[in-house]
Every structure is written in structure tokens, then in C-alpha cells.
Amino acid sequence: MDVRAQIVMVFNLDKCIGCHTCSIACKNIWTDRKGAEYMWWNNVETKPGVGYPKHWENQERFKGGWVVDGKKLKLKAMGKGPTLANMFFQPNMPKIEDYYEPFDFDYGNLAGAKEGNDQPVAEAFSQISGKKIDEIQGGPNWDDDLSGSQLYAANDLNLQDKQVIDSYDTMFMQYLPRICNHCLNPACVASCPSRALYKRGEDGIVLVDQNVCKGWRFCTSACPYKKVYFNWNSGKAEKCIFCYPRTETGQCNACAHSCVGRIRFVGVLLYDADGVEAAALKKDDELVEAHRSLILDPNDPEVREGARKNGVSDQWLDAAVKSPVYTLVKEFKLALPLHPEFRTVPMAYYIPSLSPVLSTWGDTHKLLEHGMIPALETLRVPIGYLASLLSGGNHRLIEEVLKKLIALRVFMRGENLGLAADPAVLQEAGLDQSSVKRLYRLFTVAGYSERNVIPAQQREEQDPYQRKQEAGFGILKKTRGGK
Ligand code: SF4
Ligand code: SF4
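For the sequence shown, the numbering used here begins at 44 and goes up steadily by one.
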């Protein structure tokens with residue numbers, strides 16, 4: 044057992060209101076500069092939809108992530124052969140039109156235009172070429188709130204049953220905020236011939252060393268989430284850094300801090316790095332349970348001892364015990380990884396959406412159970428859709444999560460309205476009264492310090508042994524450089 048610590052974010056999709064405050068907070072701090080205009084390290088997509096960059100989930104086109112080759116994992120796009128050939132050209136990388144041509148407006152013209160017959164306007168211009176853009180063709184959230192549109196929703200790969208967008212009464216939408224997942228088996232790190240990308244030993248954050256990056260862009264192609272970007276000005280790769288200058292001082296990420304819906308939780312997980320490869324080799328619908336089995340109990344003395352041997356401090360172990368992320372991912376099994384079938388073992392987790400609860404009120408009154416709460420099978424967001432996004436197609440896992448969320452609402456609604464709450468509702472979902480109250484608190488009134496349990500660290504004082512491990516541990520030892 045090789046016990047490692049990983050800092051992790053959980054998103055509660057039920058509560059995201061699609062306000063993009065998180066994206067703007069991130070943009071203002073990290074990507075508001077030349078060459079990074081089109082980059083959104085944090086973005087929020089409307090689902091069903093094609094996302095940003097467009098169609099990023101389509102690995103037949105972009106060839107990101109890993110595939111199982113016999114008993115081994117192989118980067119989908121790379122072997123030894125194409126590596127040399129691709130040094131100067133990445134055929135599978137998204138093009139600027141797959142993102143969007145970044146633009147700004149010439150506001151100076153509003154006050155500075157020469158006198159004429161027409162009202163002066165602020166015309167759009169490209170932030171790359173500086174040329175005027177007559178008609179803007181796209182943006183980072185171009186299909187925002189347009190899930191009903193055949194143009195966008197119909198192209199969502201997760202939407203197997205196209206009928207759900209054929210009529211208004213079956214239509215649904217939700218938001219999907221995305222950052223780099225700081226994966227345990229990061230395809231970006233494994234693909235880099237210059238070894239510029241690395242996974243930090245002390246907190247698992249995946250970074251690009253700007254002094255080492257040669258701009259080959261293998262990482263941009265290899266990341267199936269398309270969360271590594273190429274800075275056209277510096278010629279280097281860039282990506283979400285999980286706000287490490289903030290987390291190192293115990294503050295939560297800018298996106299989580301600014302989140303209006305308070306949908307995000309940040310905390311520490313302990314995991315067994317020796318088991319990552321075997322977990323990533325499982326069949327698609329077994330991957331989530333394999334991910335869960337990697338996560339270790341921070342109260343277990345053997346795990347704590349193993350963690351200490353690898354330089355994990357007591358402060359981090361205490362944070363792992365109090366971690367809201369452990370509660371949601373492992374203890375209650377409510378949060379699931381995004382597209383586990385890409386096999387990067389992502390470390391951002393999502394609680395599937397249950398909303399909109401009242402959408403079935405009108406015509407399916409008879410299907411309602413427990414008063415106002417709809418039965419599982421009548422929920423508007425199809426289980427197959429959520430399974431495609433979050434469980435490698437495993438419907439049972441989605442149903443288990445939704446059952447718990449429904450039970451929580453039913454029980455707390457009963458309690459808050461002074462109605463007799465039926466304990467059987469909880470039992471059926473595998474919950475009890477005290478656990479449901481803990482979860483209710485986390486989802487509703489929990490303050491900053493309960494939602495974010497982030498231990499500070501002094502990197503300069505890290506054990507040199509541990510820092511050496513950044514060269515690669517677990518499966519990365521074998522896969523770095525595609526070898
Ligand atoms: S999501 Fe995973 S593969 Fe993609 S950049 Fe982040 S760590 Fe790398
Ligand atoms: S700030 Fe929070 S609620 Fe708003 S879009 Fe971002 S994740 Fe969703």
C-alpha cells in the first residue's frame with residue numbers, strides 16, 4: 044500500500060445556477076493576459092449541449108484519455124510511432140474554432156469616433172489577430188441555456204434517447220461546471236515528452252513547469268477533458284493549477300470561494316497509489332466502484348502510518364478525517380467521477396442532479412410519491428443520461444445516489460413541516476436520521492470552513508524524499524513519456 048494525499052473538489056449539480064461567477068473569478072486571477080484570452084480553466088456548460096471546447100467528450104475525434112490494450116493501459120492517441128511524427132503537428136487537437144476566436148469590443152470608438160451621421164458603436168475585434176469581426180461565431184458558453192435546441196442538445200453524446208428533446212414537456216437541462224480533475228492517472232502527464240507536466244507529491248495537484256515545456260501540445264491532445272490549453276503568445280501549455288498559491292495557505296480555490304450556489308466542497312482524500320492502474324483497467328461500469336476502493340479510511344491506523352511514511356503531515360491527516368469530500372465520495376457514495384471511462388481516474392466528483400423536482404407536478408400527479416417529491420423513475424433528467432456522464436453507464440449507481448437524495452428531501456421536508464417523517468424512507472435508501480441531518484447541513488447551512496477543509500502547507504519544508512516522488516509514483520512511474 045502506497046498511501047498518498049490528494050486535494051479534491053466535489054460539485055453538487057443540483058445547486059448550480061449557471062451564473063458563471065466561478066469562471067469569472069478564475070479568469071480574473073489566472074487567464075486575463077495575452078495568449079490566454081480563450082482559456083477558461085473553470086467553465087460552466089449547459090447540458091445537454093456540446094460544451095467547451097465543442098464536442099470535447101467525443102474521443103473518436105479528439106482521441107484523448109486511455110484505452111485498455113490487453114492487460115495494459117495505452118494512451119488512445121499515442122504509441123511510440125506517432126510520437127515523433129506529431130512533434131510539430133497534433134492532428135487530434137481542438138482548433139481555435141472548436142474553442143472560439145477570443146474577442147473584445149472597441150469601446151474607445153464610442154467616445155473617440157469622428158463626427159458622422161450614425162451613432163458610433165463598439166465593434167468586435169479578434170484578440171488574436173486584432174482584426175474586426177463582423178459576426179461573432181462563438182463563445183465559451185455559446186449554447187448557454189439552449190438545451191432545448193436541436194442544434195446543440197441533439198449533438199450531446201450522452202443523450203442516447205433523442206426523444207427527450209422532441210417536446211417541451213420532456214425537456215430538461217442542468218449545468219456542468221468543470222475544472223482540471225487533477226487525475227490520479229493523468230493522460231496529460233503521461234503524454235509529455237519533455238516531462239514538463241507533473242503531479243505534486245504532497246497534494247496531487249497536476250502542474251506544467253513553464254521552464255521545461257517545449258510547446259509540443261501532446262498534453263492538449265491527450266487530456267480527454269480538454270483542460271490543457273496552448274498559450275499562443277508564450278508557446279507553452281497552461282492549465283488549472285487548483286489555485287495552489289491559495290490552497291497552500293489554507294484558502295479555498297477562487298472558483299469555490301466565489302460560488303454563488305455554494306455547490307462546491309474542497310478537502311483531502313487519502314488513496315492507495317499502488318491500486319490506481321488496476322482500478323483504471325476495470326470494465327466501464329465497474330470503474331466507479333474501483334475508484335471508491337482506492338480511497339482509504341483516514342481513521343485507520345495502518346493507513347495513517349502508511350501516509351506518515353510518505354511524508355503526509357498530521358495536519359493533513361486531521362484534514363482528511365474532517366474532509367467533506369470523504370463524506371460525500373466514500374462514506375455516503377453520493378459523488379461520482381465525470382466520465383470515468385476515460386480512465387484518467389479523475390479527482391473532481393459530482394453529485395448528480397435531481398431537479399427539477401416540481402416539473403412533473405402537472406401531468407404526472409399520480410406518479411408522485413411522498414407528497415411533493417417525484418418517484419425515481421419519473422425524474423425529468425433521464426437516469427441513462429446521468430449514467431453516461433458520471434458512472435460509465437452504470438444505471439444502478441445513479442439510482443442509488445438519487446434514492447438517497449430523494450429520501451433526504453422527503454425526510455427533511457416532513458421534519459421541517461411538522462409532518463410525520465417515515466423512517467422507512469431513509470432505511471430503504473441506506474440512511475439513518477443522524478446521517479441525513481449531517482448531509483442536510485452540508486447541503487444547506489454549512490459555512491465556509493465546513494465546506495472547505497484545506498490544510499495549509501509549507502512547501503519549502505516538504506520532505507525531500509516526497510518531493511522526489513514528483514518524478515512519478517504509482518502508475519505514473521510506468522507511463523510517463525508514453526513508455
Ligand atoms: S483533467 Fe486530468 S488529464 Fe486533463 S489536464 Fe487535468 S489532470 Fe491532466
Ligand atoms: S459560481 Fe457556483 S453556482 Fe455559479 S455557475 Fe459556478 S458553480 Fe454554478
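Using N, Cα and C, we set each Cβ at its ideal position, and we do this for glycine too.
Who are the Cβ neighbours of residue i in its own chain at under 8 angstroms, not counting the five residues just before and after it?
i	result
Tyr-218	Leu-56, Cys-59, Ile-60, Gly-61, Val-87, Glu-88, Thr-89 and Lys-90
Thr-74	Glu-80, Met-82, Trp-83, Trp-84 and Glu-281
Cys-226	Val-249, Thr-387, Val-388, Pro-389 and Met-390
From this set, the options, which residue's C-alpha is nearest residue i's C-alpha?
i	options	result
Ile-139	Gly-155, Lys-97 and Val-488	Lys-97
Glu-245	Val-311, Val-303 and Asn-184	Val-311
Gly-92	Lys-365, Leu-227, Arg-243 and Leu-194	Leu-194
Ser-336	Ala-321, Pro-344, Gly-349 and Val-355	Ala-321
Arg-305	Val-46, Val-53, Arg-47 and Asp-45	Val-53
Ile-222	Cys-298, Ile-176, Asp-186 and Thr-292	Cys-298
Asp-161	Lys-480, Val-424, Asn-152 and Leu-339	Asn-152
Lys-365	Arg-481, Phe-454 and Leu-469	Arg-481
Arg-484	Arg-452, Gly-78 and Ser-431	Arg-452
His-300	Gly-78, Met-44, Ala-48 and Ile-497	Ile-497
Glu-443	Val-488, Leu-379, Ala-489 and Gln-476	Leu-379
Ile-394	Leu-360, Asp-361, Leu-429 and Pro-425	Leu-429
Ile-171	Ala-68, Gly-78, Met-390 and Val-164	Gly-78
Gly-258	Lys-242, Asn-276 and Arg-243	Asn-276
Phe-168	Pro-145, Asp-187 and Trp-185	Pro-145
Cys-256	Arg-238, Lys-325, Leu-189 and Tyr-392	Arg-238
Quick one: does the C-beta of residue i sit closer than 8 angstroms to a heavy atom of ligand 1?
i	result
Thr-387	yes
Ala-230	yes
Cys-283	yes
Ala-120	no
Ala-323	no
Asn-274	no
Ala-265	yes
Tyr-300	Checking the displayed sequence, the identity of residue 300 turns out to be His instead of Tyr. No - ligand 1 has no heavy atom lying nearer than 8 angstroms to the Cβ of His-300.
Val-51	no
Val-331	no
Any heavy atom of ligand 2 inside 8 angstroms of the beta-carbon of residue i?
i	result
Pro-163	no
Ile-171	no
Thr-74	no
Thr-306	Residue identity check: residue 306 is Ile in the sequence provided, not Thr. Within the cutoff, so yes.
Cys-286	no
Gly-61	yes
Ser-492	no
Val-87	yes
Pro-220	yes
Per DSSP, residue i forms a beta bridge with which residues?
i	result
Thr-89	Tyr-218
Gly-310	Val-51
Val-249	Lys-242
Glu-281	Tyr-272
Ala-230	Bridge partners of Ala-230: none, in fact.
Ala-167	Phe-148
Lys-175	Phe-168
Ala-391	Met-52
Asn-495	Val-309
Could you pull out every residue in the same chain whose Cβ sits closer than 6 angstroms to the Cβ of residue i, ignoring the five residues on either side in sequence?
i	result
Leu-440	Val-331 and Ser-434
Gly-94	Glu-88
Asn-228	Val-319, Ala-323, Thr-387, Val-388 and Ile-518
Ile-338	Leu-312, Tyr-314 and Lys-373
Val-51	Leu-312, Val-368 and Met-390
Phe-105	Asn-135
Ignore the nearest five residues each way along the sequence and tell me which others in residue i's own chain have a CB closer than 7 angstroms to its CB.
i	result
Val-271	Cys-231, Cys-262, Thr-263, Ala-280 and Lys-282
Tyr-369	Gly-310, Leu-312, Pro-341 and Ala-363
Gly-108	Gln-102, Lys-119, Ala-230, Pro-267, Phe-385, Arg-386 and Thr-387
Asp-327	Glu-384, Gly-435 and Gly-436
Val-117	In the sequence as presented, Val is not what sits at residue 117; that position holds Lys. Excluding residues within five positions, the ones whose Cβ falls inside 7 angstroms are Trp-109 and Val-110.
Ile-426	His-438, Ile-441 and Glu-442
On the CB-based measure, 16 or more other CB atoms within 10 Å of its CB, does residue i come out buried or exposed?
i	result
Pro-288	exposed
Leu-474	buried
Phe-148	exposed
Tyr-491	exposed
Asp-315	buried
Lys-115	exposed
His-408	Confidence at His-408 is low in this model, with a pLDDT of 38, below 50, so its placement is unreliable and no value can be given for it.
Pro-134	exposed
Phe-486	buried
Asn-290	Here residue 290 is Thr; the residue named in the question, Asn, does not match the sequence. Burial call: buried.
Ser-66	buried
Tyr-150	exposed
Gln-49	buried
Arg-307	buried
Val-424	buried
His-63	buried
Ser-190	buried
Got a sec: is the Cβ-Cβ distance from residue i to anything in chain C below 9 angstroms?
i	result
Val-453	Reference to chain C is not applicable here, since this structure consists of a single protein chain.
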